[in-house]
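Numbering (our numbering), first residue to last: 1118 to 1443.
First up is the structure itself, then whatever we jot down about it.
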Amino acid sequence: MKLIKSFFSVLFSAALLLSTTTVNSIAIDKLHFVIGGGAGGGWDGTARGTGEALTKAGFLKSASFENMSGGGGGKALAYMINTKPENTILVQSTPLVLRSITRHKGYVSGSGTLSYKDVVPIAGVIGDYGAIAVAKDSPFKNFKDVVDAYKANPSSIKMAGGSVRGSMDHLIGALAFQAAGADPNAVAYIPYDAGGKALAGLLSGETQIISTGLGELMGARDQVRIIGITAPDRVGDAPDAPTLKEQGYDVQFVNWRGFFGPPGMSSKDKKAIAKMLGDVQKTPEWEAVRARNAWVNIYNPDKKFVKFLKTQTKEMTALMKKLGVI
């Protein structure tokens, strides 16, 4: 688990550098958020929650949102690259790094792959721990119960996730099963278009467990039982959610989420938006959004964000090789 812990420490080494100047210095008064997945997913929640906080706190006059599903975020990414829309930012996370590692060509012509280098990194904003959950009426009370059932009959366990195989949802579950001594690639993974549909798949009985972000499950705790999260310790915003570590499975991981501009975005606009995303984290409006999603504040702007993305590419390449995904 040295690699996992190394990645975990790299992410949290990003300094929380919040600016102290006022809201009135920001020239941008409206933003359009492009979301590469469907309703109920982590990208959807991050974009809408950020837009909510920015407008309620007075940083923006208005925020609009557009879900653009397809290709594990590839369609939205290609839209930003091909159309270069103004006053528009794309929410993304670790999958943006994963797609360049796995050579996923996405929706652009030619032989090139899509990566963070094709858009303008603005800032990393939050971290979301991974979580594994079952339906409330499930006979599984903890992750060991799931592992025991899987080892007794591998075909009895299907794992739902809100994106394609090789995505963060898949890797979170794969890490947990690997820590339990199972072959992570042998576990049946059922991909859905975003967390909302993955949750529906779990509740309908199509799958027995769901692997996703903790934030995506916070609003569904009346329907699901969270049986393991990838935090080092229990999270204050979700104290009833046990860690995988405390159950004997040393899995620690946090998925960052942040925002990117289209190619050609001016340095002025990039810095203004990055500053706004940092300043809003000091407001009660942001804290209300953060707490209900059990997010971790990780403000990592501009050049620091790019440096982190370069480091994460190396870390995730090694992790995916270890898991046998690539």
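C-beta: ideal position from N, C-alpha, C; glycine also.
Asked: Within-8 Å CB hit, lysine 1438 to chain D; Found: Protein chain content of the structure displayed is limited to a single chain, and chain D is not contained in it.
Asked: First through last residue of the beta strand (DSSP E) which encompasses tryptophan 1412; Found: Note, tryptophan 1412: premise wrong, no beta strand (DSSP E); not H, not E.
Asked: Nearest-angstrom beta carbon gap, proline 1379 and methionine 1197 [assumed within contact, 8 Å]; Found: 5 Å
Asked: Element boundaries [beta strand (DSSP E), containing glutamate 1183]; Found: 1179–1184
Asked: Bounding residues of the beta strand (DSSP E) (the contiguous stretch that carries phenylalanine 1294); Found: Element bounds for phenylalanine 1294: not the beta strand (DSSP E) but the alpha helix (DSSP H), 1285–1296.
Asked: The beta strand (DSSP E) enclosing lysine 1147, as first and last residue numbers; Found: 1147–1152
Asked: Cβ-Cβ distance between serine 1328 and leucine 1215 below 8 Å; Found: no
Asked: Stretch pair the region 1149–1159 + the region 1324–1341: three plus CB contacts closer than 8 Å; Found: yes
Asked: Inter-residue spacing [alpha-carbon to alpha-carbon] between lysine 1178 and glycine 1162; Found: 20 Å
Asked: Where the beta strand (DSSP E) containing asparagine 1372 begins and where it ends; Found: 1371–1378
Asked: Start-end ranges of the beta strand (DSSP E) lying completely within the region 1196–1274, minimum 3 residues; Found: 1205–1210 and 1237–1252
Asked: Three-state secondary structure (DSSP) of methionine 1382; Found: coil
Asked: Candidates Leu1194, Gly1244, Leu1426 and Thr1172: closest to tryptophan 1412 by CA position; Found: Gly1244
Asked: Distance cut-off 7 Å: valine 1236 Cβ against heavy atoms of the ligand MG; Found: In terms of ligand content, the structure shown is empty, and the ligand MG therefore cannot be addressed.
Asked: Anticipated Cβ contact below 8 Å, alanine 1252 with valine 1341, distance rounded; Found: 6 Å
Asked: Given glutamate 1203 as reference, the closest of Leu1288, Asp1146 and Ile1343 once Cα atoms are compared; Found: Asp1146
Asked: Nearest to valine 1237 (by Cα), restricted to the options Leu1436, Ile1415, Lys1388 and Ala1435; Found: Lys1388
Asked: Paired residues, beta bridge with threonine 1324 - DSSP; Found: Answer by DSSP bridge pairing: none, since threonine 1324 is not bridged.
Asked: Selected residue, minimal CA-CA separation from glycine 1306, among Val1352, Ser1321 and Ile1289; Found: In the sequence under discussion, the amino acid at residue 1306 is tyrosine, which differs from the glycine named in the question. Nearest option by C-alpha distance: Ile1289.
Asked: Those residues which DSSP pairs with glycine 1168 across a bridge; Found: Paired residue(s): none; glycine 1168 is not in a bridge.
Asked: First and last residue of the uninterrupted alpha helix (DSSP H) at glycine 1353; Found: Note, glycine 1353: premise wrong, no alpha helix (DSSP H); not H, not E.
Asked: Isoleucine 1346 beta carbon less than 8 Å from that of valine 1304; Found: no
Asked: For alanine 1348 and leucine 1361, the rounded distance between their alpha carbons; Found: 8 Å
Asked: Best match in Ala1299, Gly1279 and Gly1330 for proximity to lysine 1314 [C-alpha to C-alpha]; Found: Gly1279
Asked: Assumed close pair leucine 1436, tyrosine 1233 - CB separation to whole angstroms, cut-off 8 Å; Found: Not confirmed; about 17 Å, so no contact.
Asked: Pairwise C-alpha distance: proline 1401 and threonine 1139; Found: At threonine 1139 the pLDDT is 37, less than 50, meaning the model places this residue with poor confidence; the figure from the coordinates comes in the next sentence. Computed Cα separation, rounded: 15 Å.
Asked: Alanine 1277 (DSSP reduced to helix, strand or coil); Found: strand
Asked: Opening and closing residue of the beta strand (DSSP E) in which glycine 1345 lies; Found: 1341–1346
Asked: Presumed contact (8 Å Cβ cut-off) between valine 1447 and alanine 1164, rounded CB distance; Found: Since the displayed the chain opens at 1118 and closes at 1443, residue 1447 lies outside it and no answer follows.
Asked: Length of the line joining the Cα atoms of glycine 1188 and leucine 1316; Found: 19 Å
Asked: Option in Ser1272, Phe1257, Phe1182 and Asp1386 with minimal Cα separation from asparagine 1302; Found: Ser1272
Asked: C-beta atoms of glycine 1247 and leucine 1213 nearer than 8 Å; Found: no
Asked: Arginine 1407 versus isoleucine 1326 - alpha carbon distance; Found: 25 Å
Asked: Through-space distance from phenylalanine 1182 to glutamine 1295, alpha-carbon basis; Found: 37 Å
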